[in-house]
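**Q**
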Amino acid sequence: MPLDDIDDLDQGLRVDPLSSTWDEAPPIDNVGMSPPPDRLEPIWFEDIKPPMKSASLVKGVLDECGMSVLYGESGGGKTFFTLDLALHIALGWEWRGHKVKQGGVIYIAAEGQNGIRKRIEAFRRHYGMKDAAPPFAMIPTCVDLLDPAADTEPLIGKVKEAALRFPIKLVVVDTLARAIAGGNENAPEAMGAFIRNIDRIREETGAHVLIIHHCGKDVARGARGHSSLRAATDTEIELTSDGDAGIKMACIKKQKDGEEGAEFAFRLQSLTIGEDEDGDLIKSCVVKHEGAEAVTGAAGKKPKPLTPAHEAALEILKNALCDKGRSVTHNAIPKSVTVVTLDEWGEYARRGGVIEEGNAGRQAWHRIRVALRGKHRIGMEDGYVWLV
Numbered sequence: 001m002p003l004d005d006i007d008d009l010d011q012g013l014r015v016d017p018l019s020s021t022w023d024e025a026p027p028i029d030n031v032g033m034s035p036p037p038d039r040l041e042p043i044w045f046e047d048i049k050p051p052m053k054s055a056s057l058v059k060g061v062l063d064e065c066g067m068s069v070l071y072g073e074s075g076g077g078k079t080f081f082t083l084d085l086a087l088h089i090a091l092g093w094e095w096r097g098h099k100v101k102q103g104g105v106i107y108i109a110a111e112g113q114n115g116i117r118k119r120i121e122a123f124r125r126h127y128g129m130k131d132a133a134p135p136f137a138m139i140p141t142c143v144d145l146l147d148p149a150a151d152t153e154p155l156i157g158k159v160k161e162a163a164l165r166f167p168i169k170l171v172v173v174d175t176l177a178r179a180i181a182g183g184n185e186n187a188p189e190a191m192g193a194f195i196r197n198i199d200r201i202r203e204e205t206g207a208h209v210l211i212i213h214h215c216g217k218d219v220a221r222g223a224r225g226h227s228s229l230r231a232a233t234d235t236e237i238e239l240t241s242d243g244d245a246g247i248k249m250a251c252i253k254k255q256k257d258g259e260e261g262a263e264f265a266f267r268l269q270s271l272t273i274g275e276d277e278d279g280d281l282i283k284s285c286v287v288k289h290e291g292a293e294a295v296t297g298a299a300g301k302k303p304k305p306l307t308p309a310h311e312a313a314l315e316i317l318k319n320a321l322c323d324k325g326r327s328v329t330h331n332a333i334p335k336s337v338t339v340v341t342l343d344e345w346g347e348y349a350r351r352g353g354v355i356e357e358g359n360a361g362r363q364a365w366h367r368i369r370v371a372l373r374g375k376h377r378i379g380m381e382d383g384y385v386w387l388v
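So in UniProt numbering, the last spot in the sequence shown is 388, and the numbers never skip.
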């Protein structure tokens, strides 16, 4: 029958419509596809095996897909240290003797964008990288990682888009204070929401997220904010400074699946990066890695002797330890030492006249503690102090 015979088609000689067999067809989503894995499926003892392939981004320091927090005092060199580490990752260079898995870096500069541009230029000039193009990108703006409906999803999209150019292994958030968008760092609700958004970024991009954070007025008490941040952190790095010697020290205070206590000494080396419109020099700094000898005096020099105030503070600490010293169980405190709390040491120091009244006295006492720690005469952790 000719197909153009419309009258015959109207008399019922057409083929059966497709809809007559639609109900019998298997669902299209299941055709040729395996069912999705059950994330709640138990793995039995005999099938639980450790991964033999290294999951390290920087071996012994940062793991892939993890979360880390680097904290320290304002102006202590946190951004310099982090940029040095991040650029080594982007370049695939070994970092301070630790093997590095090369990967792209997204650096969220939520504050100090102009300073970060200068520091990157200093790194470029110091290493002679005029024509180099490592997979490193900066996002120079504040982000809101508190509200899940704000910047988290767009940021994940940007990271995935950048990954089309080069796999992204590290996302840096500089700083937590700017990224928490006015939320209360001490409130469990705000910190919990921030951590959930960081987890989303890690899970959906596969990148390690490093968060730069501030400590409180007392660096020995750790990073600012609610304790849930430390609980959720895989790697925690504390940065301290010895103002007298110019040495800065980064120390791994928590390592979820590795050894704690590794220390990385460095200085900031000044570098001219150009001139402004008035002909004045524009300067920044690069990180100069130092070895263990830097702690006791760089280049073989003897360390500066303790000041009378430092000596007095140590004697006061010895007295406090004799009276109230005890052992504590803490992952970051050596089992062989006796400790007192910082408050107890401070009370003894007030009685002994080492601490003066008022804000100036409190600041001077803080500087004494930081200096003694920088000279490796005392240890401080989580509100405790002991002799080294």
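Ideal Cβ positions, reconstructed from N, Cα and C, are used throughout, including at glycine.
In terms of DSSP beta bridges, what is Phe-166 paired with?
**A** Phe-166 is not bridged to any residue.
**Q** Taking the straight line between their C-alpha atoms, what separation do you get for His-41 and Ile-48?
**A** The amino acid at residue 41 is misidentified as His; the sequence shows Glu. About 13 Å.
**Q** Answer with buried or exposed for Ile-43, where buried requires no fewer than 16 other C-beta atoms within 10 angstroms of its C-beta.
**A** exposed
**Q** With distance defined between alpha-carbon atoms, name the residue in Glu-94, Lys-53, Arg-224, Ala-193 nearest to Glu-73.
**A** Arg-224
**Q** Can you give me the start and stop residues for the beta strand (DSSP E) that His-376 sits inside?
**A** Counting along the chain, His-376 falls outside any beta strand (DSSP E), and DSSP gives it neither H nor E.
**Q** According to DSSP, what are the bridge partners of Met-249?
**A** Thr-240, Ala-265
**Q** State the beta-bridge partners of Met-129 as determined by DSSP.
**A** Met-129 is not bridged to any residue.
**Q** Is the beta carbon of Ala-90 less than 9 Å from the beta carbon of Val-69?
**A** no
**Q** Bridge partners of Ser-270, per DSSP?
**A** Cys-285
**Q** Give me the Cβ distance between Thr-233 and Lys-254, rounded to the nearest whole Å; I'm assuming they're in contact under 8 Å.
**A** 6 Å
**Q** Just verifying my parser: in three-state terms, what is the DSSP assignment at Ala-137?
**A** strand
**Q** Which residues mark the beginning and the end of the beta strand (DSSP E) in which His-88 is found?
**A** Not the beta strand (DSSP E): His-88 falls in the alpha helix (DSSP H), residues 78-91.
**Q** Would you kindly work out how many angstroms separate the C-alpha atoms of Gly-383 and Pro-154, rounded to a whole number?
**A** 39 Å
**Q** Answer yes or no: do Gly-60 and Glu-259 have a C-beta to C-beta separation smaller than 9 Å?
**A** yes
**Q** Would you identify the three-state DSSP class for Ala-223, choosing helix, strand or coil?
**A** strand
**Q** Please report the straight-line C-alpha distance between Val-209 and Ala-179, rounded to a whole angstrom.
**A** 13 Å
**Q** Classify Cys-322 as buried or exposed, calling it buried when 16 or more other Cβ atoms lie within 10 Å of its own Cβ.
**A** exposed
**Q** What span of residues does the beta strand (DSSP E) with Ile-195 cover, start to end?
**A** Boundaries for Ile-195: no beta strand (DSSP E) harbours it, while the alpha helix (DSSP H) harbouring it runs 188-205, taken from the DSSP string.
**Q** Drop a sphere of 10 angstroms on the beta-carbon of residue 391, count the other beta-carbons inside from all chains shown, and report buried for 16 or more, exposed for fewer.
**A** Here the chain comprises residues numbered 1 to 388, so residue 391 is not present and cannot be evaluated.
**Q** Compare the beta carbon distance of Arg-119 and Ser-270 with 9 Å and say whether it is the shorter of the two.
**A** no
**Q** According to DSSP, is His-330 part of a helix, a strand, or is it coil?
**A** coil
**Q** Whole-angstrom Cβ separation of Ile-247 and Glu-290, contact assumed at under 8 Å?
**A** Ile-247 to Glu-290, Cβ: 7 Å. Contact.
**Q** Would Gly-374 and Met-191 qualify as a contact pair, given that the criterion is a beta-carbon distance under 9 Å?
**A** No, the pair does not count as a contact, with Cβ atoms beyond the cut-off.
**Q** In terms of DSSP beta bridges, what is Cys-215 paired with?
**A** Ala-223
**Q** By the DSSP assignment, the alpha helix (DSSP H) with Ala-177 in it spans what residues?
**A** Counting along the chain, the alpha helix (DSSP H) containing Ala-177 begins and ends at 176-179.
**Q** Assign His-213 to buried or exposed, taking buried as 16 or more other Cβ atoms, counted over all protein chains shown, within 10 Å of its Cβ.
**A** Taking a 10 Å sphere around the C-beta of His-213, we find 16 or more other C-beta atoms and assign the residue as buried.
**Q** How should Leu-146 be labelled, buried or exposed, when 16 other C-beta atoms within 10 angstroms of its C-beta is the threshold for buried?
**A** buried
**Q** Over what stretch of residues does the alpha helix (DSSP H) that includes Trp-95 continue unbroken?
**A** Here Trp-95 belongs to no alpha helix (DSSP H), and DSSP marks it neither H nor E.
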